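Visitor: Heads up: the sequence shown is residues 4 to 339, going by this note's numbering. Even glycine gets a Cβ: it sits at the ideal position worked out from N, Cα and C. Just so we're clear, the structure is a prediction, and the values are computed from it rather than from any experiment.
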Amino acid sequence: MDWQLLRNLRGRDFLSDQDYSREELVALLDLAAAIKDIWRKGVPTPLLRGKHLALLFEEPSTRTRMSFEVGMSDLGGTTLYLKPGEIHLGARETVGDTARVMSRYVHGVMARLYKHTTLVELAEGATVPVINGLTDLYHPVQTMSDAFTIRETMGRLEGVKLAFLGDATNVCNALVVTCSKLGINLSVANPPGYTVRPDIRELARQNSRESGARIEFLTDPAEAVRDADFVYTDLWWWVGQEDEAEARKKAMAPYQVNAALMKKAKPTARFMHCLPAARGLEATDEVMDGPQSIIFDQAENRMHFQKALLVALLGVDVDPAEVPAPVRDLVTNLRG
Ligand code: CP
């Protein structure tokens, strides 16, 4: 574990993993594994005792809200759930002013916002770490948690092949960044008209030069899943795109993950989905509930990875003498 790298993350925002080095991202995965191991043994980990995290949601959530709330509680801290209509955010005061005020009350802000530009504005105004809980551009806590699941499943990241099928969603964009940073080979198959933006493809090209990841952008789903260790999909449309539903269904039907498509991947391939899912559209029940599916492991690992992220970004100030013995080394190393 690279403790110095982890200590240096204190105070940073997490708007995209593009802002982090490969070594920093691997250190976060290592910390998540250590925290999960202690959690499995039932030992309390009050690393963030006395700290408060605001959870700001412009859109609904099951996993993000629950995993951050339970994770922060496990770490000995508290959360405040805030939603539009209950606070001023860009209405009656600027986003920057809201951020400055929030920073006087809490030690960190996790925000799920419609627009990534609003998140950037929030982070610019805040003096405490801001974490991206999903925007129109990226969902990095999801895809870093997925990298954690992939590493748990395979024991490594390098040389692993992930295939993503369907719309170029925020999860797809974030997977392009996460995989190209961490050295995971990624084949994306999007239908024509729903492809990954050129600037995100360019990031993948630059990141891959360092990590050695092979990232390809295709239209043929069968070609994408060939030799894949993981097959991943996401919703075909999101809140606000309902009027496009029929056109999207037609364009994305060939990208449905069903038993026939899974047979074209490696026999050992696992099925992944960030959830929520529209069962019977992007993936069949047979695949989602079948033996190759690891979708609920992904959901659980959101909590474990995010706990590591919170510990690193918010920083550990508790006295090592005041935590259970199995956590003492962790606290000592994180305090430095
Ligand atoms: N995957 C994910 O972010 O789920 P929620 O929308 O339920 O938070």
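Beta-carbon within less than 7 Å of Ser64's beta-carbon, same chain only, minus the 5 sequence neighbours each way: which residues are those?
Guide: As a working note, residue 64 is residue 61 in the sequence shown. Closer than 7 Å at Cβ, skipping near neighbours: Arg115.
Visitor: Give a yes or no on contact between the segment 253–262 and the segment 156–172, applying the rule of three or more CB pairs nearer than 8 Å.
Guide: yes
Visitor: Just to confirm, are Tyr235 and Asp149 a CB contact at a threshold of 9 Å?
Guide: As a working mapping, residue 235 is identified with position 232 in the sequence shown. As a working mapping, residue 149 is identified with position 146 in the sequence shown. By the CB criterion at 9 Å, Tyr235 and Asp149 fall inside the cutoff.
Visitor: Using CA atoms only, rank isn't needed, just tell me which of Val326, Ala286, Gln301 and Leu51 is closest to Thr156.
Guide: Within the sequence shown, residue 156 is the residue found at index 153, counting from 1. The residue with the shortest Cα to Cα distance from Thr156 is Gln301.
Visitor: By alpha-carbon positions, which one of Leu85, Leu32, Glu127 and Leu78 ends up nearest to Ala102?
Guide: Mapped onto the sequence shown, residue 102 falls at position 99. Out of Leu85, Leu32, Glu127 and Leu78, Glu127 has the C-alpha closest to the C-alpha of Ala102.
Visitor: Touch check for the segment 179–192 and the segment 205–221: three-plus C-beta pairs under 8 Å?
Guide: Touching, yes, given that three or more Cβ pairs across the two stretches are closer than 8 Å.
Visitor: Can you check which of these residues, Lys184, Met105 and Val109, is closest to Pro143 by C-alpha distance?
Guide: Taking the sequence shown and counting its residues from 1, one reaches residue 143 at position 140. Ranking Lys184, Met105 and Val109 by Cα distance to Pro143 puts Lys184 first.
Visitor: Output the boundary residues of the alpha helix (DSSP H) element that contains Leu206.
Guide: Taking the first residue of the sequence shown as position 1, residue 206 is located at position 203. Where Leu206 is concerned, the enclosing alpha helix (DSSP H) starts and stops at Pro201 to Ser214.
Visitor: My guess is that Leu122 and Leu18 are in contact by the Cβ rule of under 8 Å, so how many angstroms apart are they, rounded?
Guide: Indexing the sequence shown from 1 puts residue 122 at position 119. Indexing the sequence shown from 1 puts residue 18 at position 15. Confirmed, about 6 Å.
Visitor: Under 8 Å: do the segment 73–83 and the segment 49–57 share three or more Cβ pairs, one atom per stretch?
Guide: yes
Visitor: Comparing alpha-carbon positions, which option in Phe60, Thr198 and Asp202 lies nearest Arg251?
Guide: Walking along the sequence shown from the start, residue 251 turns up at place 248. Its Cα nearest to that of Arg251, the residue Thr198 stands out among Phe60, Thr198 and Asp202.
Visitor: In chain order, what residues of the same chain lie with their CB nearer than 6 Å to the CB of Asp322, ignoring the 5 residues before and after it?
Guide: For the purposes of this step, residue 322 is identified with residue 319 of the sequence shown, where counting begins at 1. Closer than 6 Å at the Cβ level, and outside the excluded window around Asp322, lies no residue.
Visitor: By a C-beta neighbour count over all protein chains shown, 10 Å radius and 16 as the cutoff for buried, is Tyr141 buried or exposed?
Guide: Counting from 1 along the sequence shown, the entry for residue 141 is found at position 138. With 16 or more Cβ atoms within 10 Å of its Cβ, Tyr141 is classed as buried.
Visitor: With respect to 8 Å, is the separation between the Cβ of His142 and the closest non-hydrogen atom of ligand 1 below this value?
Guide: In the sequence shown, residue 142 corresponds to position 139, counting from 1. For ligand 1, at least one heavy atom lies less than 8 Å from the Cβ of His142.
Visitor: Applying the 10 Å Cβ sphere with the 16-neighbour rule, what's the burial state of Val109?
Guide: Your numbering for residue 109 matches position 106 in the sequence shown. With 16 or more other Cβ atoms within 10 Å, it is buried.
Visitor: From Asp5 to Arg95, what distance separates their C-alpha atoms?
Guide: Along the sequence shown, one-based indexing puts residue 5 at 2. Along the sequence shown, one-based indexing puts residue 95 at 92. Each residue's Cα considered, the two are about 44 Å apart.
Visitor: Ile218 bridges to which residues according to DSSP?
Guide: Taking the first residue of the sequence shown as position 1, residue 218 is located at position 215. Answer is Leu189.
Visitor: Please tell me whether, using a cut-off of 8 Å, the distance from the CB of Cys277 to the nearest non-hydrogen atom of ligand 1 is below it.
Guide: The count along the sequence shown starts at 1 and reaches residue 277 at position 274. Checking every heavy atom of ligand 1 against the Cβ of Cys277, one is found closer than 8 Å.
Visitor: Measuring only from the beta carbon, is Leu18 closer than 8 Å to any heavy atom that is part of ligand 1?
Guide: Within the sequence shown, numbered from 1, the residue matching residue 18 stands at position 15. At a threshold of 8 Å, Leu18 does not count as near ligand 1, since its beta carbon sits no closer than that to any of the ligand's heavy atoms.
Visitor: Looking at C-alpha atoms only, which residue of Ala280, Ala263, Leu59 and Glu245 is the closest neighbour of Pro224?
Guide: Position 221 of the sequence shown, counted from the start, is the residue given in the question as residue 224. Cα-wise, what sits closest to Pro224 is Ala263.
Visitor: Contact between the segment 6–13 and the segment 312–326: three or more CB pairs below 8 Å?
Guide: The count of Cβ pairs closer than 8 Å, one atom from the segment 6–13 and one from the segment 312–326, reaches three, so the stretches are in contact.
Visitor: If you follow the alpha helix (DSSP H) that Val144 is part of, which residue opens it and which one closes it?
Guide: As a position in the sequence shown, residue 144 is number 141, starting the count at 1. In the DSSP assignment, Val144 falls within the alpha helix (DSSP H) that extends over Pro143 to Met157.
Visitor: By DSSP, does Ile41 sit in helix, in strand, or in coil?
Guide: Position 38 of the sequence shown holds residue 41. Correct three-state label for Ile41: helix.
Visitor: At a cut of 8 Å, does the segment 37–45 reach the segment 302–312 through at least three beta carbon pairs?
Guide: yes
Visitor: Which residues bound the beta strand (DSSP E) around Asn135?
Guide: Position 132 of the sequence shown, counted from the first residue, corresponds to residue 135. Note, Asn135: beta strand (DSSP E), Val133 to Asn135.
Visitor: Just to confirm my understanding: we take Met75, look at its own chain, exclude 5 residues before and 5 after, and list those with CB closer than 6 Å. What are they?
Guide: Counted from its first residue, the sequence shown places residue 75 at position 72. For Met75, where only same-chain residues beyond five positions count, the Cβ hits under 6 Å are Leu56 and Thr82.
Visitor: Tell me whether the beta-carbon of Val112 lies closer than 9 Å to the beta-carbon of Leu92.
Guide: As a first step, residue 112 is located in the sequence shown; it is residue number 109 there, counting from the start. As a first step, residue 92 is located in the sequence shown; it is residue number 89 there, counting from the start. Pairing Val112 with Leu92 gives a Cβ-Cβ distance that is not under 9 Å.
Visitor: Which of the three DSSP states is assigned to Pro327 in this structure?
Guide: Position 324 of the sequence shown, counted from the first residue, corresponds to residue 327. Residue state, collapsed to three classes: coil.
Visitor: Report the residue from Gly186, Asp292, Lys164 and Asp139 whose alpha carbon sits nearest the alpha carbon of Glu26.
Guide: The residue given as residue 26 occupies position 23 in the sequence shown. Among Gly186, Asp292, Lys164 and Asp139, the Cα nearest to that of Glu26 is on Gly186.
Visitor: Could you tell me which whole beta strand (DSSP E) segments of length 3 or greater appear in the segment 38–124?
Guide: 55–60, 81–85 and 111–115
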